[in-house]
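This report concerns only the one structure given below.
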Amino acid sequence: MAIASSPFPPRFLPCPGELPIPLDTWEKMFCNYLLVLAASGDDGLEERKRALLLNSLGTEGQRLFYTLPEQGTTMEDTITALKAHLNPKRNTVAERHVFKKRSQAEHETILQYVTVLRDLATTCDFGDKLDEMPLEKLAMDLVGPLETAFWDCKYAITLTDYHSKWPEVAFTASVTTDTVKSFLTSVFSRFGNPLSLVTDNGSQFTSVNFATFLKERGIQHIRTSVYHPAANGAIERFHRVLKSCIQTAILEKTPWKSTVTEFLQVYRSTPHSTTGMSPSTTGISPSELLLG
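Per UniProt numbering, residue 1 is the first one in the sequence shown, and the count goes up by one each step.
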């Protein structure tokens, strides 16, 4: 028979104790089992879905289910009743705290660790940010020449993380390809290589030297349209705030380099208009990836 030849899903709750697997995850496994049965030509599957589900709950799972006031008559009713009992509305702030504090266990592989994090993330209400990670996609640009700046600070190289909006800034006397590479090497040595880098079509970014630099590190280079350089909006918005900070410092005759350093500290801890959170608390920030 089809049932005998199909791998049965693990029992959801075979004995008293903590749930060995989240209900939502187990439900997906059970639905996959039903798909296997349907594909094997089990014509009576619809009539037996609820019975198969109850049997898959395990001894303790069934005992728990039969204590529920609302049990229904269909498989969907059964799952709804279980979710109402086992998945009460959670405190998102508390769930995110648990997620952020979960570190990789000893002897736990990266794949196992990521799987656990994804399970924890299901109750964190990350929305469309769930599949994004900090420092996967970065935006880079150049600012300058800056008026009345020191000779070695005529230009600013800026880098912004698309996910967390975390900014990095360096001041230089010139903006050659080698200068840009040196800045990126410094950032990558602290946070690791991103998957992609977005730039405009400046000569520093279109050289063979720069293309080789990114290729050696497995980084995809995305260039904005020649006719629409402002399409790199993630960093253009940051530039407006940075330039305002520098201009204010110059007008007030304050040490603008130290002013920018203080500005970056404030910017990284201030809720961003896009994410609603500060760059240092958006899921996992670059600083958390580095320091834990």
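By construction, the Cβ of each residue, glycine as well, lies at the ideal position given by its N, Cα and C atoms. Just so it is clear, the structure is predicted and the values come from calculations on it, not from any experiment.
If we count the other Cβ atoms within 10 Å of its Cβ and call it buried at 16 or more, is residue i buried or exposed?
i: ASP200; result: buried
i: ASP161; result: buried
i: MET29; result: exposed
i: TYR267; result: buried
i: VAL187; result: buried
i: GLN204; result: buried
i: THR158; result: buried
i: PRO69; result: exposed
i: CYS124; result: buried
i: THR224; result: buried
i: PHE210; result: buried
i: ARG96; result: buried
i: ASP141; result: buried
i: SER164; result: buried
i: PHE183; result: buried
i: LEU195; result: exposed
Any idea what DSSP makes of residue i, helix, strand or coil?
i: GLN220; result: strand
i: LEU34; result: helix
i: SER244; result: helix
i: ARG50; result: helix
i: GLU70; result: coil
i: GLU27; result: helix
i: THR254; result: coil
i: HIS107; result: coil
i: PRO229; result: Because PRO229 sits at a pLDDT of 49, beneath the cut-off of 50, its placement in the model cannot be relied upon, and the following sentence gives the value as read from the coordinates. If DSSP states are grouped into helix, strand and coil, PRO229 belongs with the helices.
i: ALA173; result: coil
i: PHE191; result: helix
i: GLY292; result: Reliability fails at GLY292, whose pLDDT of 45 lies under 50, so the model's placement of it is uncertain and the value that follows must be treated cautiously. Three-state DSSP puts GLY292 in coil, outside helix and strand.
i: LEU19; result: coil
i: ASP125; result: coil
i: SER269; result: coil
i: ASP178; result: helix
i: SER40; result: coil
i: PHE183; result: helix
i: GLU147; result: coil
Which partner residues of residue i appear in the DSSP bridge assignment?
i: GLU168; result: LEU159
Which residues mark the beginning and the end of the beta strand (DSSP E) in which residue i is found?
i: THR199; result: 196-199
i: ASP141; result: 137-143
Starting from residue i and walking both ways along the alpha helix (DSSP H), at which residues does that stretch end?
i: PRO79; result: A quick correction: the sequence has Ile, not Pro, at residue 79. Looking at the DSSP string, the run of the alpha helix (DSSP H) that includes ILE79 is 75-86.
i: HIS97; result: 92-101
i: LEU13; result: Per DSSP, LEU13 belongs to no alpha helix (DSSP H) and is neither H nor E.
i: LEU111; result: 110-121
i: residue 294; result: Since the first and last residues shown for the chain are 1 and 292, residue 294 lies out of range.
i: PHE205; result: 203-206
With a threshold of 7 Å, establish whether the CB of residue i neighbours any heavy atom of the ligand PLP.
i: THR109; result: In the structure shown, the ligand PLP is absent, as is every other ligand, since no ligand is present at all.
Q.
Could you check whether the stretch 78-87 touches the stretch 20-27, counting it as contact only if at least three pairs of C-beta atoms, one from each stretch, sit closer than 8 Å?
A. yes
**Q.** contact_flag[the stretch 239-247, the stretch 212-223] where n(CB pairs < 8 Å) is 3 or more
**A.** no
(Q) If contact is defined by three or more beta carbon pairs under 8 Å, each pair taking one atom from either stretch, is the stretch 168-187 in contact with the stretch 102-117? (A) no
Q: Say whether the stretch 55-73 touches the stretch 6-16, bearing in mind that this needs 3 or more beta-carbon pairs closer than 8 Å, one atom from each stretch.
A: yes
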